[in-house]
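Undergrad:
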Amino acid sequence: MSAEEIVKIAVGYVINWIGILVAGYFWLVIKNVRKDVDGVAQTVRRVEKDVEKLEEICTCLKIAVGKIEQTLKDNEKLCNERHTQK
């Protein structure tokens, strides 16, 4: 075997190992990105649930404020009626 053939074989092995290392690196990157995406998706699901709860609370508060406003209007009307009767 000539030196040239040995160098070709060695370069082939080096290129194969570089390819394996690059593929492994990309596999790790993709794995970590997938993990990050899954984490973000879980956070989004939790936030959506929190938003739904807050929307329910806001609806209840709007109803309560509406009732208070109506009570104030009724009391004001009653007060005005009593003043006009005197």
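Just so we're on the same page, the numbering used here is the position in the sequence shown counted from 1, plus 2.
We treat Cβ as the ideally placed atom computed from N, Cα and C, and that holds for glycine.
How long is the line joining the alpha carbons of R48 and V39, rounded to whole angstroms?
TA: Roughly 14 Å separates the two Cα atoms.
Undergrad: Enumerate in chain order the residues of its own chain whose CB-to-CB distance from Q87 is below 7 Å, with the five nearest sequence positions on each side excluded.
TA: Once the five neighbours on either side are set aside, Q87 has no close Cβ partner at all.
Undergrad: Express the C-alpha separation of F28 and I17 in angstroms, rounding to a whole number.
TA: I17 and F28: Cα-Cα distance of roughly 16 Å.
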